[in-house]
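**Student:** Numbering (our numbering), first residue to last: 144 to 452.
(1) Span of the alpha helix (DSSP H) holding residue 314?
(2) For residue 245 and residue 232, I'd like the C-alpha separation in whole angstroms.
(3) Mind checking which residues open and close the beta strand (DSSP E) that includes residue 415?
(4) Can you give the Cα-Cα distance for residue 209 and residue 195, rounded to whole angstroms?
(5) Thinking residue 353 and residue 260 are a contact (beta carbons under 8 Å), I'd like their distance in whole angstroms, please.
(6) For residue 307 and residue 278, I'd like the C-alpha separation in whole angstroms.
(7) Does DSSP classify residue 399 as helix, strand or coil?
(8) Run the CB neighbour count on residue 323, radius 10 Å, all protein chains shown included, and call it buried at 16 or more, exposed below.
(9) Is the separation between the beta-carbon of residue 370 and that of residue 404 shorter than 8 Å?
(10) Touching or not, the stretch 415-435 and the stretch 167-187, by the rule of three or more beta carbon pairs under 8 Å?
(11) Check residue 423 in the structure and name its three-state DSSP category.
(12) Mind the definition here: the stretch 209-222 touches the stretch 325-342 only if three or more C-beta pairs lie below 8 Å; say whether that holds.
(13) Check residue 362 in the structure and name its three-state DSSP category.
(14) Quick one: residues in its chain with C-beta nearer than 8 Å to the C-beta of residue 144, no 5 flanking neighbours on either side, listed in chain order?
Below you can see the structure in the form of structure tokens.
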């Protein structure tokens, strides 16, 4: 194997697909075993939900999060069965739980149980304090940050890539920010299909509900470095619990984290799980890197050939 430095990236909400993980799980016993253990840990039939359920059933936050993490960890099991390991890992929002399980900081059952609780906590917080999110395309981050300071009740939520930043907040404030962004020259402002103002202070109660469950977990030192998208830094075991609580109300700094990884020598990003959202974002952040999305047998084979060369 070549001396390429490989980051495994784990997707977050919005990457779900009906039937996700089915093809790999039916072909790779280690992947199917992840779904079985994840179903037990979550109290959900994740085999049925991921393989057979329509997208409308999967989209609920409290179902989508354990389904996404289970699928990412099943795909990871297939990569591991071929002998592939990451040099560093990173996750987008709930994908951080997949990333942490991938490097042994927490076990797979713990990760699934935590994201089930996280999803329930976020759904409850969103019902208590309704809000929305929108993607602003074609403006500099600084311009969007300025708007968020000027308009009460809206905050930057996701730094996805240059020219794409997601805002989160109260419905009227998000609408106002979208209109102002377009008047400043934003290419588009797109409301997201989400049930709340995630990664903003509006869902602060979710952190209060999740914290007792996090406090019960003993985090182990990751076997490969974990890049936090809360801080855009490599973080040790002692910080992981508090970061997973902070993460609920803090912005996702994916742009900054990916740039740090490239600066640290990463040349190849492998997206582990459904969809190809992160691969697209990484290419917009740095065109010089290679990206692969692994989510079915064809893409697994493509990654296998590329990573072995």
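Glycine is no exception: its CB is placed at the ideal position from the N, C-alpha and C atoms.
Since this is a predicted model, take the numbers as computed values, not measurements.
**Tutor:** Inspection of the coordinates gives the following:
(1) Here residue 314 refers to the residue found at position 171 of the chain shown. First-last of the alpha helix (DSSP H) with residue 314: 314-326.
(2) Translated into the one-based positions of the chain shown, residue 245 becomes position 102. Translated into the one-based positions of the chain shown, residue 232 becomes position 89. Straight-line Cα distance between these residues: approximately 8 Å.
(3) The count along the chain shown starts at 1 and reaches residue 415 at position 272. Its beta strand (DSSP E) spans residues 411-415.
(4) Position 66 of the chain shown, counting from 1, holds the residue named residue 209. Position 52 of the chain shown, counting from 1, holds the residue named residue 195. So the two alpha carbons sit approximately 15 Å from each other.
(5) The count along the chain shown starts at 1 and reaches residue 353 at position 210. The count along the chain shown starts at 1 and reaches residue 260 at position 117. That pair is a contact at about 6 Å.
(6) Residue 307 sits at position 164 when you count from the first residue of the chain shown. Residue 278 sits at position 135 when you count from the first residue of the chain shown. About 7 Å.
(7) What you label residue 399 is simply residue 256 of the chain shown in a count that begins at 1. Helix at residue 399.
(8) The residue labelled residue 323 in the question sits at position 180 within the chain shown. Counting Cβ neighbours within 10 Å, residue 323 comes out buried, since at least 16 surround it.
(9) Your numbering for residue 370 matches position 227 in the chain shown. Your numbering for residue 404 matches position 261 in the chain shown. Using a Cβ distance threshold of 8 Å, residue 370 and residue 404 count as a contacting pair.
(10) no
(11) Residue mapping note: residue 423 aligns to position 280 of the chain shown, counting from 1. Helix, per DSSP.
(12) The stretch 209-222 makes no contact with the stretch 325-342: fewer than 3 CB pairs, one atom from each, lie closer than 8 Å.
(13) As a working note, residue 362 is residue 219 in the chain shown. Residue 362: coil per DSSP, three-state reduction.
(14) In the chain shown, counting from the first residue as 1, residue 144 sits at position 1. Residue placement at residue 144 cannot be trusted, given a pLDDT of 39 that sits under 50; what the coordinates show is reported in the next sentence. When the five nearest sequence neighbours on each side are left out, the beta carbons in the same chain lying within less than 8 Å of the beta carbon of residue 144 are those of 450, 451, in order along the chain.
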